[in-house]
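With UniProt numbering applied, the sequence shown corresponds to residues 1 to 240, in that order. C-beta: ideal position from N, C-alpha, C; glycine also. In what follows, a structure is listed as structure tokens, so that the remarks can point back to it.
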Amino acid sequence: MNPVQQLVVWLNDPLNWTNPGGVLDRLGEHVSMSAAAVLLGCLVAWPLGLWLGHTGRGGGVVVLVSNLTLSVPTLALLTILPLTFLGFGRPAVVVALAVFAVPPLLANAYTGVRQVDPQTREAARGMGMTGAQVLRQVELPLAVPYLAAGFRTAAVQVVATAALATFVNGGGLGEIIRFGFGLSIAVGGGQILAGGLLVAGLAVSVELLFAYVERLVTPRPLRRSRRGAGRRAADAITGS
């Protein structure tokens, strides 16, 4: 059989889905570590990006942090972090992927606050709001569509990259690909294709899900003008 026929046979075998270490187990691992990495990235990037955007003095810091995190290959982090106290396995993978998630989260948080009309800020201050109140009650609600765009970008990137976790015993769908290579191309070609297809399918599903969420949190008058604006903002700030 050629690899495509092997792919069809492999995907139609129920045992490949339900056995321990099968697709369902690996999918759960992949989703859980990706979600943990993105949430960790949010905990770091969003407060920093919102605060720098509020002060209006952090453009250079955003560029520096984003460029530094983008310049470090995820595979390099995955091979270095296991040598620290994190050890091999899930914790090192989550931290490495979180670093990879920071640039779009940080850039969009900063841009979301900076795009608020200065007159809106002045009106809020004229009503007696403190700086923290302006950020929490005015700037943050208006920045939500940008935060959603950054979250969408980070989630898709992390899900697609998490397949590399297999190199450090991190689990996930990448294990299916690795085991396929261990069987040689002639025998495991279908399994390799199946693993790649599953990772791609999951990434596309995440993209569609969060595209819908982004649309929901974006006010209707802004949807057309902001179509893809979050990603363009991230690209402009990070220089990618």
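With a threshold of 16 other beta carbon atoms within 10 Å, THR120 falls short and is exposed. Taking C-beta separations shorter than 6 Å and ignoring five residues to either side along the sequence, the partners of VAL93 in its chain run MET33, ALA165, GLY170, following chain order. In this structure, the beta-carbon distance from ALA163 to VAL199 falls below 9 Å. Taking a cut-off of 8 Å for Cβ pairs, the stretch 34-49 and the stretch 105-117 touch, as three or more such pairs fall below it. In the structure shown, ARG26 falls within a helical segment according to DSSP collapsed to helix, strand and coil. Comparing alpha carbon positions, the residue from ALA186, ARG178, LEU15, VAL156 closest to ALA211 is VAL156. Judged by DSSP in its simplified three-state form, PHE167 adopts helix.
The Cβ neighbour count for THR218, taken over all protein chains shown within 10 Å, is at least 16; the residue is labelled buried. Under a 10 Å Cβ-count criterion, ARG90 is classified as buried, with 16 or more other Cβ atoms of the shown protein chains found around its own Cβ. Taking 9 Å as the cut-off, the beta carbon of GLY59 is found no closer than this to the beta carbon of LEU68. By the Cβ neighbour-count rule, THR153 is buried, with 16 or more other Cβ atoms within 10 Å of its own. Here GLY87 is exposed. Its C-beta has fewer than 16 other C-beta atoms within 10 Å.
Assignment of GLY174 by DSSP, reduced to helix, strand and coil, places it in the helix class.
The alpha helix (DSSP H) runs lying completely inside the stretch 94-142 and spanning 4 residues or more are 118-126, 131-134, given in chain order. Here LEU216 carries a helix assignment [DSSP, helix/strand/coil].
DSSP, read as helix, strand or coil, puts PHE88 in coil. Within its own chain, the residues whose Cβ lies closer than 7 Å to the Cβ of GLY196, once the five positions on either side in sequence are excluded, are ILE177, listed in chain order. Of the residues assessed, ARG57 falls on the exposed side of the cut-off, its CB having fewer than 16 other CB atoms within 10 angstroms. Contact between HIS54 and LEU202 fails: their C-beta atoms lie close to 35 Å from each other, not under 8 Å. Of all C-beta pairs linking the stretch 172-192 to the stretch 6-24, three or more are shorter than 8 Å, placing the two stretches in contact. Inclusion of ALA98 and ALA149 in the CB contact set at 9 Å is not warranted, their separation being larger than that value.
Taking ASN16 as the centre and dropping the five residues before and after it, the same chain places the C-beta of TRP10, GLY22, VAL23 closer than 7 Å to its C-beta, in chain order. Proximity to ARG215 across TYR146, LEU173, PHE85, PHE181 peaks at TYR146, based on C-alpha coordinates.
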